[in-house]
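The structure appears below as structure tokens.
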Amino acid sequence: MTPLVELQITDIAFGGSGVARLDGKAVFVPFTIDGERVSAKVVRDKKQCAEAELVEVLEPSQDRTEPQCPYFGVCGGCVYQHISYEHQLELKSRQVADVLRRLGKLPDLPMRPIVRSPDSYGYRNRITVHAQNGVIGFYRRDSHTLIDITHCPISCREVNEKLAEVRSRRVRDGHYSLRAHDGARVFEQTNDAVADALRELVASFFPGRGALLIDAFCGAGFFTKRLAGNFDRVVGIEWDRFAVDAARRNAAANHTYIHGNVDVELAALLQNASTTDVAVLVDPPAVGLSTATRDTLLAFAPATVVYVSCNPATLARDLGQLRNGYQIVSVTPLDMFPQTSEIEVAVHLQHNQATARAG
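Letter 129 of the sequence shown, counting from 1, is numbered 137 in the numbering used here, and no numbers are missing.
If you want it as structure tokens, here you go:
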């Protein structure tokens with residue numbers, strides 16, 4: 009039988025687990041809060057670290073709160089429902105700064121305050137549930153076993169109504185995407201209010217009128233539609249043909265959408281650009297930018313780069329290389345996913361030559 013250990017939680021790691029030290033080794037304990045003293049059971053002892061399960065909170069944090077979801081701790085989705093929302097925001101902002109400093113070797117970061125979500129529950133505009141042998145719900149934490157879900161507290165009313173509708177029918181085994189909004193089945197941000205704030209934040213990086221904006225990973229035109237009036241010409245690049253078709257519908261006259269590979273199309277556009285007044289917006293998937301795209305940005309040196317990231321670790325890697333030609337003007341975390349460990353970040357970069365000219 010594994011003995012219990014008493015641990016002092018000193019930090020929260022990216023991903024949500026509390027961090028303690030035992031015999032000089034880091035121990036990760038889910039569902040704890042920095043400052044707490046807990047009793048835990050070590051379940052995995054590795055060479056560099058250990059993982060433990062919480063048994064009892066001996067000295068709780070003042071930021072500990074009651075989760076609103078009956079499935080919390082069992083469902084694999086949320087990891088922060090036991091933490092007050094204000095402290096969640098503090099943790100996420102700190103985690104972004106720590107990851108960028110540690111992995112990107114970026115010591116002096118112009119961090120802006122985190123953009124909070126107006127709603128910390130009831131914000132999700134879509135979920136994917138799974139059906140198997142009559143069970144409809146989400147996967148258990150660290151498992152491929154389903155738990156039956158009747159209501160998801162972080163999802164909005166429309167999504168929960170669609171969940172109830174699916175549960176009322178005999179559905180085949182499989183995966184079911186439930187969305188609050190009808191329309192094209194293309195990628196969209198999960199939190200409408202924070203998505204709007206993100207779009208306005210990005211627009212604020214372009215206060216004047218520019219000549220050309222290239223929106224790599226443009227999707228269905230989430231940013232380009234908003235920025236139509238900020239540039240003489242906007243070009244979007246996207247690999248998803250359905251998203252490109254959606255973007256082309258009701259596109260402004262100064263918009264062009266290209267179905268293709270960002271690595272290839274971005275280099276071609278920058279090489280053929282007839283102006284030095286070029287801005288590039290990148291919003292890549294979690295894997296971040298490819299080496300080719302990073303090299304292209306450094307080689308062709310567009311004056312402004314805006315990087316929107318859903319993964320601070322790959323963002324740190326990419327910024328670590330881009331700093332060879334760019335100055336970081338601002339780093340803004342956004343809490344697109346309250347109660348979870350996910351973080352969105354928007355970074356405004358200015359090329360060193362453009363910065364010198366402006367000075």
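Cβ atoms here follow ideal geometry from the backbone N, Cα and C, with glycine treated the same way.
It should be emphasised that the depicted structure is a prediction, and the values quoted were computed from it without experimental measurement.
{"query": "By Cβ distance below 8 Å, which residues in the same chain neighbour N262 in space, the five residues on each side in sequence not counted?", "result": "A236, F239, D240, R241 and V242"}
{"query": "Roughly how many angstroms separate the alpha carbons of L117 and A324, rounded to a whole number?", "result": "12 Å"}
{"query": "Label Q103 either buried or exposed according to how many other C-beta atoms from any shown protein chain fall within 10 Å of its C-beta, with 16 as the threshold for buried.", "result": "buried"}
{"query": "If you drop the 5 nearest sequence neighbours on each side, which residues of the same chain put their C-beta closer than 7 Å to that of R52?", "result": "A58 and E59"}
{"query": "Taking 8 Å as the threshold, find out whether the region 278-286 comes into contact with the region 220-230 through three or more Cβ pairs.", "result": "yes"}
{"query": "At which residues does the alpha helix (DSSP H) containing A324 begin and terminate?", "result": "P320 to L330"}
{"query": "Which of the three DSSP states is assigned to N280 in this structure?", "result": "helix"}
{"query": "Where in the region 48-135 do unbroken runs of the alpha helix (DSSP H), each at least 4 residues long, occur, reported from the N-terminal end onward?", "result": "93-112"}
{"query": "Sort P215, L278, F214 and F308 by Cα distance to G244 and report the nearest one.", "result": "L278"}
{"query": "Taking all protein chains shown into account, decide if P11 is buried (16 or more other Cβ within 10 angstroms of its Cβ) or exposed.", "result": "exposed"}
{"query": "Taking E352 as part of the beta strand (DSSP E), name the residues at either end of that continuous run.", "result": "E352 to H359"}
{"query": "Looking at the unbroken beta strand (DSSP E) that takes in F151, where does it start and where does it end?", "result": "Per the sequence presented here, residue 151 reads as Ser, with Phe not at that position. Element bounds for S151: n/a, residue is neither H nor E."}
{"query": "Quick one: complete alpha helix (DSSP H) runs, 4+ long, within the region 188-213?", "result": "200-212"}
{"query": "Given this structure, state the Cα-to-Cα distance separating D326 from F231, to the nearest angstrom.", "result": "21 Å"}
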